[in-house]
Every structure is written in C-alpha cells, then in structure tokens.
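Numbering (our numbering), first residue to last: 2 to 378. Idealized CB from N, CA, C, for every residue including glycine.
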Ligand code: AMP
C-alpha cells in the first residue's frame with residue numbers, strides 16, 4: 002500500500018521556474034511545505050518556497066541531501082539527469098518516475114518511444130551525419146524541419162529544409178549535431194491536452210486547449226478549443242494511453258499538431274504542468290498545479306470542470322522594451338487576472354508572466370486577454 006502524503010508533508014521540486022512557483026503556491030494553500038533545488042538564487046519558485054537550495058542538478062551529494070529533507074520529489078524542469086533522479090529515488094519517492102525524463106528529454110528517444118507504441122507522430126528520420134541527412138531528405142521529402150535531438154528550448158535548434166539543396170545550410174545552422182528530420186506539416190492548428198494520472202491509476206484531463214505560437218514560443222492558449230467532439234475524444238484517448246504507457250504519476254502536457262488534412266499527430270511531451278495549462282488556475286475547479294500536487298501526494302485527483310471558457314496570453318520580456326508595463330490598465334479589466342513570476346530581469350523571449358481572461362465564450366476570452374495585453378504596452 003502506498004501512503005498518502007497528507008498536508009504538512011514536504012514536497013521537493015527540482016527546478017525553480019514559474020511552473021515550480023505555481024505548484025508551490027498550490028501546495029502552500031493546501032498546507033504543504035515546499036523545498037526547491039536549482040543552480041540559481043532568488044528564483045520564481047524559491048521566492049515562495051520554505052527552503053531554496055542552490056546546487057547543480059548533477060551534484061549528487063546535494064541531490065541526496067535534498068531528498069533526505071522532503072517526503073516526495075517532483076520536477077518542474079525536465080533536464081535533470083537519470084542518474085540524479087535515481088540518486089533521489091533511492092531515498093524518497095520520485096514522481097513522475099525518472100525514466101520518463103530520460104525518454105522525454107531527448108527528441109529522438111521521445112519520437113521512437115511514441116512511434117514504437119503506435120502513437121501517431123510526424124514522419125521522421127534520425128540524422129547523425131551530413132550523409133544521413135541527404136538520405137533522410139530523400140526519404141522524408143521537402144519541406145522538412147531539421148531539429149537537434151537534444152531538445153532546443155522553444156524552437157531553438159531548428160532549421161527548415163525546403164529543398165535538397167538547403168540540407169547543407171540546415172546542417173550547419175543546427176551546429177552539425179545529432180538531429181531528427183521531420184516532415185513539415187501543413188498545420189490547421191496546434192492543440193494540447195493537459196492530463197493527469199494518480200498514484201492509483203485514476204485519469205483526469207482538462208480537455209483540448211488550442212494554442213498559437215509566435216517565434217516558436219507559446220503566445221495564446223484558449224479553452225475549450227473549438228474542435229469536434231471526435232477530435233477531442235481522439236486527443237484525450239491518445240494522451241491517456243501515453244500516460245498509461247509510462248505508468249505515469251503526475252500532470253503531463255501532450256502537444257499535438259492538427260494537420261489541414263485532419264491528421265492528429267503528437268508533437269512533444271512535457272512531463273510536468275504545461276504553459277498551455279496555466280489558464281486552469283483561474284478557469285477550473287482544480288488547477289493543473291493542484292492536480293500535480295494531488296497526484297504526487299497520492300490524493301484523489303480533483304475535478305477538472307471549467308467554470309468558464311478562458312484564454313491565456315504570455316507576457317514575454319519584450320514587453321518591457323519601453324519601460325514598466327502599465328499594470329493598472331490591465332488590472333482595470335474585470336475579466337482579467339495578472340500572474341507574474343517574480344523574475345527580475347526582463348529579456349526578449351523570457352516568460353515573465355501571463356494574463357488570463359474568463360468570458361462566456363472562448364472567442365470573447367481571447368478578445369479580452371488580447372485587449373488587456375495591448376493595454377500593458
Ligand atoms: P517544437 O519545438 O518541435 O515544438 O517546434 C516549435 C514550433 O515550430 C511548433 O510549435 C510548430 O509551430 C513549428 N513546427 C515544428 N515542427 C513542425 C513541423 N514538423 N511541421 C510544422 N510546423 C512545425
């Protein structure tokens with residue numbers, strides 16, 4: 002029998018960004034204590050945690066020491082090594098299991114895992130050398146996208162290949178390293194399913210979220226997505242089967258491509274709460290962060306019911322270009338909630354916060370959240 006970790010227990014979070022911060026806030030509201038470990042000081046998670054440890058993720062002594070001080074460990078950052086996850090797991094439960102990190106922190110491993118389990122993915126070919134790239138381009142065809150096998154964050158480490166002649170330039174552009182060549186999909190849109198699996202195998206999901214990106218970075222999410230019931234059923238069924246294939250415990254973001262010809266393909270897995278699920282904080286009975294807490298503590302999963310349609314717009318560092326944003330102007334809009342992550346230095350492309358709007362329809366929620374973001378600048 003697995004023990005439920007009751008309020009008063011201590012959650013250990015590896016990583017210290019905004020995902021850890023929002024998890025910590027949910028945990029503290031329910032009376033849990035929170036420790037975080039990351040190689041930085043004054044972090045978004047550390048600011049709201051009971052204890053913030055500054056150590057490298059590969060400092061196994063520090064990881065073991067950290068593990069001794071907590072009742073369960075989870076991640077908000079997936080580039081923790083399998084060795085570090087195992088060192089922690091010798092001392093305390095690690096949820097989700099470190100094995101899922103190993104698979105999802107490398108694009109090729111992740112794609113192979115998905116394809117081997119029969120999940121739909123974009124046609125792809127592994128590429129280790131310039132010669133293999135030529136063969137891959139011949140096999141996959143153009144247009145295609147060459148992506149580094151090690152995950153480039155938010156679209157970094159990617160190059161388009163529109164014709165076989167462009168292969169050499171693309172190979173150089175990604176730094177001549179191990180890669181995956183993927184067929185370029187004519188996209189109808191991008192969607193995600195934020196799903197959760199409990200310690201007892203219970204499953205819950207927040208339906209389908211529709212996402213738009215700008216410069217490869219998530220820009221706006223809206224839920225419920227305007228998609229057919231059949232598509233929702235398919236996406237949720239796939240997400241559920243992925244969580245089951247990993248014997249997963251926790252929240253996972255499953256990103257999908259929806260092709261214009263109707264095909265649904267898994268793009269990426271995020272073994273943690275996901276940016277497209279931030280709107281659940283204001284819109285749902287249980288947020289994705291509370292859901293993560295419940296799952297890793299062995300509590301029953303909460304209701305994922307939406308109280309209202311919602312839209313979320315990210316606030317990137319670019320917004321600070323002309324000085325401090327006009328927070329009062331956005332806060333004056335009654336449908337809108339402001340979330341900031343406590344980061345001191347706004348840099349272009351850096352996720353500093355987000356806005357969420359609730360409205361009677363998804364379209365109105367998008368209009369309101371965009372109006373609020375415009376009012377900031
Ligand atoms: P990724 O880092 O792989 O999620 O890619 C970042 C973004 O680039 C995606 O969210 C898409 O908007 C776009 N993209 C990546 N791969 C493809 C593809 N194979 N076909 C079409 N668009 C893509």
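- At a cut-off of 8 Å, the beta-carbon of residue 120 does not count as near ligand 1: no heavy atom of the ligand is closer than that.
- DSSP places residue 85 inside the alpha helix (DSSP H), whose first and last residues are 83-90.
- By the CB criterion at 9 Å, residue 126 and residue 136 fall inside the cutoff.
- The Cβ atoms of residue 293 and residue 207 do not sit closer than 9 Å to each other.
- For residue 231, the secondary structure class from DSSP, reduced to helix, strand or coil, is helix.
- Bridge partners of residue 212 according to DSSP: 191, 222.
- Around the beta carbon of residue 188, fewer than 16 other beta carbons lie within 10 angstroms, which makes this residue exposed.
- Your pair residue 14 and residue 6 does not check out as a contact, with CB atoms roughly 14 Å apart and the cut at 8 Å.
- When DSSP states are grouped into helix, strand and coil, residue 338 belongs to the strand group.
- In this structure, residue 366 sits away from residue 377, with a CB-CB distance that is not shorter than 9 Å.
- Sorting 152, 255, 34 by C-alpha distance to the C-alpha of residue 70 places 34 at the top.
- The nearest non-hydrogen atom of ligand 1 is less than 8 Å from the C-beta of residue 183.
- If you check the CB distance, residue 264 and residue 121 come in under 9 Å.
- Sequence-distant partners of residue 159 (beyond 5 residues in either direction) whose C-beta falls short of 8 Å from its own C-beta, in its chain, are 146, 147, 148, 149, 153, 175, 217.
- Of the residues 250, 257, 9, the one whose Cα lies closest to the Cα of residue 273 is 250.
- Closest in C-alpha terms to residue 224, from the list 31, 308, 95, comes 308.
- When secondary structure is reduced to three states using DSSP, residue 292 falls in the helix class.
- Distances taken from the Cβ of residue 214 to the heavy atoms of ligand 1 include one shorter than 8 Å.
- Per DSSP, the unbroken alpha helix (DSSP H) holding residue 23 starts and ends at 19-30.
- Within the region 228-276, complete alpha helix (DSSP H) segments of at least 4 residues are found at 230-246, given in chain order.
- Residue 291 and residue 303 have their alpha carbons spaced roughly 8 Å apart.
- A straight line joining the alpha-carbon of residue 219 with that of residue 277 spans about 8 Å.
- Distance from the CA atom of residue 312 to the CA atom of residue 348, rounded to whole angstroms, is 24 Å.
- For residue 256, the shortest separation between its Cβ and any heavy atom of ligand 1 lies below 8 Å.
- Setting aside the 5 residues that flank it on each side, residue 306 is surrounded in the same chain by 285, 286, each with a C-beta closer than 8 Å to its C-beta; the list follows chain order.
- A residue is called buried once 16 or more other Cβ atoms fall within 10 Å of its Cβ, and residue 229, having fewer, is exposed.
- According to DSSP, residue pairing for residue 13 in a beta bridge involves 36, 74.
- In the DSSP annotation of this structure, residue 359 is not part of any alpha helix (DSSP H); the continuous beta strand (DSSP E) holding it starts and ends at 352-359.
- A straight line joining the alpha-carbon of residue 301 with that of residue 322 spans about 44 Å.
- The region 194-206 makes contact with the region 237-246; the number of CB pairs closer than 8 Å reaches 3 or more.
- Residue 315 and residue 354 have their C-alpha atoms some 6 Å from each other.
- Counting other Cβ atoms within 10 Å of its Cβ, residue 279 reaches 16 or more and is therefore classed as buried.
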